[in-house]
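All remarks here apply to the structure that follows.
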Amino acid sequence: MRHSREGGFTLVEIMIVVAIIALLAAIAIPNVLRGRTSANEAAAVGNLRALVSSLEMYRSVTNSYPDAWQADMYTNANPDFGPPSFNLNLAAAQTVQGYNYVYTAVGGCAEPNCTQYTMTGTPQTALRTGTRAFFVDETGTIRHCVVVNQGDLAAVTDATIDQGPTNPC
1 MRHSREGGFT
11 LVEIMIVVAI
21 IALLAAIAIP
31 NVLRGRTSAN
41 EAAAVGNLRA
51 LVSSLEMYRS
61 VTNSYPDAWQ
71 ADMYTNANPD
81 FGPPSFNLNL
91 AAAQTVQGYN
101 YVYTAVGGCA
111 EPNCTQYTMT
121 GTPQTALRTG
131 TRAFFVDETG
141 TIRHCVVVNQ
151 GDLAAVTDAT
161 IDQGPTNPC
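Under our numbering, the residue at position 65 of the sequence shown is numbered 65, and the numbers go up by one with no gaps.
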């Protein structure tokens, strides 16, 4: 009587395949996350540029910056000021594409006397949705710094985005 060996995989073969898959995942996952972080940061810079353009359009019509970011800048304006994804109140942090944005009129001014503002963009989750914080004011110059802790903010003294690596916030 002859014993036939049934076809199948041995435990060692299965363990080798699992180890190879785990190794590939360990290599690929950080690269995917880094790519998402870079995309979020690029979107944050693009969003800040669009918001600066919106504020300049608003100022050209009203001769003042808004005393608070107003969702009605879109619904009551013809044409709408800015990107529709920001049709919300930016007095408190609002999250768009992994970044929190806050608009502040400088000095607690009231329209029509607002001549300065600041706007910040910070990662929703530090080091996960972004590694840099951004700052822009009425000059339109976007500045950035490297986020170390949740809630770190960029400021007017930080490097512009045209400059290379930055200091921690």
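No residue lacks a Cβ here, since even glycine has one placed at the ideal position from N, Cα and C.
| query | result |
| --- | --- |
| Where Val102 sits in the DSSP three-state scheme | strand |
| Local conformation of Tyr65 per DSSP, three classes | coil |
| Ala154 - DSSP class collapsed to helix/strand/coil | coil |
| C-alpha distance - Leu178 paired with Ala26, whole-angstrom precision | With the chain running from 1 to 169 in the structure shown, residue 178 is simply not present. |
| Nearest residue (CA-CA) to Val146, options Thr139, Asp162, Glu138 and Leu127 | Leu127 |
| Where Gly108 falls: helix, strand or coil (DSSP) | helix |
| Nearest-angstrom Cα separation, counted from Ala159 out to Thr120 | 14 angstroms |
| Inter-residue Cα distance where the pair is Gly172 and Ala28 | Missing from the structure shown is residue 172; the chain here goes from 1 to 169 and no further. |
| CA-to-CA distance, Asn40 to Asn47, given in whole angstroms | 10 angstroms |
| Own chain residues within Cβ distance below 7 angstroms of Val148, not counting five before or after | Pro168 and Cys169 |
| 8 angstroms Cβ cutoff met for Thr122 and Tyr99 | yes |
| Paired residues, beta bridge with Gly7 - DSSP | BP columns for Gly7 are empty, so no partner. |
| Pick from His144, Gln94, Leu153 and Glu111 that is closest to Gln163, judged by C-alpha positions | His144 |
| Run of the beta strand (DSSP E) containing Val146, from where it starts to where it stops | Arg143 to Val146 |
| Cβ neighbours of Thr166 in the same chain (closer than 6 angstroms, five flanking residues each side left out) | His144, Cys145, Val146 and Ala159 |
| Contact between the segment 108-118 and the segment 52-67 (3+ Cβ pairs under 8 angstroms) | yes |
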